[in-house]
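Q:
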């Protein structure tokens, strides 16, 4: 979705992709003339704060980060939270957005709910953005486009599953949270998001989801991406229970410009630039 009421500036050949969660703000700046990402950056947020304090901390960081005050031709804001669900187009009616969320999260009458269309896949991602942050960003940036981070994540994984008839599971890791996406030849079998505190919590959620899909841990493929390495506890414990575990490193033309670690860590930001 795009905000309005901004003036058209001279071409700067620069794009900002800004990803916001309640635990981290990350961003990249793209030189659009040379199709090159100039900078990746991450800033952790103290989750022990109250919600209004977290929102103020995020807005303060954005206001006081010099590089974010440059002029950009295009600004894309990605909201990364678990306040979302994917709805097939055949079941979708934009007049009833709250009804799609009410079975998985608590929805209040004054919540602002919107959705992203997922191109080529006949479904929509219905979600609640961070309204207070969104309003503050309008004051800071004026015109920008915003989407849900999962819209980028799921579309890209569906793209790379083309012609692969065996079910695949992708796990995108963040600090104390992860998203699980199961696909089969460009069909979305499952999307869910979990918060966890221990590696035992993590493997419980993961094995429960794969069991519901009747996937055999000896045969199905699981690929990690996001904030993860082979040395991490959650990778090691997953490897004990699932045979075919790996880091996702299937590079195409855009991805060859990055190290494997940069690509894994910034998967959503990179594909948010496309």
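In our numbering, the protein residues as written are 212 to 485.
From the three backbone atoms N, C-alpha and C, an ideal C-beta is built for every residue, glycine too.
This one's a predicted model, so the numbers in the text were calculated from it and none came from an experiment.
(1) What does the alpha-carbon distance come out to for the pair residue 392 and residue 441?
(2) Under the three-state reduction of DSSP, which class applies to residue 382: helix, strand or coil?
(3) Am I right that residue 308 and residue 288 are in contact with their C-beta atoms under 8 Å? What's the rounded C-beta distance?
(4) Report yes if the CB atom of residue 433 is closer than 8 Å to the CB atom of residue 449, and no otherwise.
(5) Going by beta carbon distance, what residues of the same chain come within less than 8 Å of residue 236, once the five residues before and after it are set aside?
(6) Any contact between the segment 256-266 and the segment 278-287? By contact I mean 3 or more CB pairs, one from each, below 8 Å.
(7) Check whether the Cβ atoms of residue 364 and residue 397 lie closer than 8 Å to each other.
(8) Per DSSP, what kind of secondary structure is residue 404 in: helix, strand or coil?
(9) Excluding sequence positions up to five away, which residues of its chain have a Cβ less than 6 Å from the Cβ of residue 381?
(10) Measure the C-alpha to C-alpha separation of residue 436 and residue 479 and round it to an integer number of angstroms.
(11) Between the Cα of residue 400 and the Cα atoms of 334, 323 and 311, which residue gives the shortest distance?
(12) Taking just the CA atoms, how far does residue 460 sit from residue 469?
A: So, from the listed chains and residues:
(1) On the chain shown, position 181 is the one that residue 392 refers to. On the chain shown, position 230 is the one that residue 441 refers to. For residue 392 and residue 441, the distance between alpha carbons rounds to 20 Å.
(2) Along the chain shown, one-based indexing puts residue 382 at 171. The three-state reading of DSSP puts residue 382 in strand, counting E and B together.
(3) The residue labelled residue 308 in the question sits at position 97 within the chain shown. The residue labelled residue 288 in the question sits at position 77 within the chain shown. Incorrect: roughly 19 Å between the Cβ atoms, too far for contact.
(4) Counted from its first residue, the chain shown places residue 433 at position 222. Counted from its first residue, the chain shown places residue 449 at position 238. Contact: yes.
(5) By one-based count along the chain shown, residue 236 stands at place 25. Around residue 236: 229, 230, 253, 254, 256, 269, 272 and 273.
(6) Using a Cβ-Cβ distance cut-off of 8 Å, the segment 256-266 and the segment 278-287 are not in contact, since fewer than three pairs of beta carbons, one from each stretch, lie closer than that value.
(7) Translated into the one-based positions of the chain shown, residue 364 becomes position 153. Translated into the one-based positions of the chain shown, residue 397 becomes position 186. It is not a contact, given that the beta carbons lie outside the stated cut-off.
(8) Numbered from its first residue, the chain shown carries residue 404 at position 193. Strand.
(9) Translated into positions along the chain shown, residue 381 becomes position 170. Hits under 6 Å: 368, 392 and 434.
(10) The sequence position of residue 436 within the chain shown is 225, counting from 1. The sequence position of residue 479 within the chain shown is 268, counting from 1. Each residue's Cα considered, the two are about 10 Å apart.
(11) Taking the first residue of the chain shown as 1, we reach residue 400 at position 189. The alpha carbon of residue 400 has as its nearest neighbour, out of 334, 323 and 311, the alpha carbon of 334.
(12) Against the chain shown, residue 469 aligns to sequence position 258. Against the chain shown, residue 460 aligns to sequence position 249. In this structure, the alpha-carbon of residue 469 lies about 11 Å from that of residue 460.
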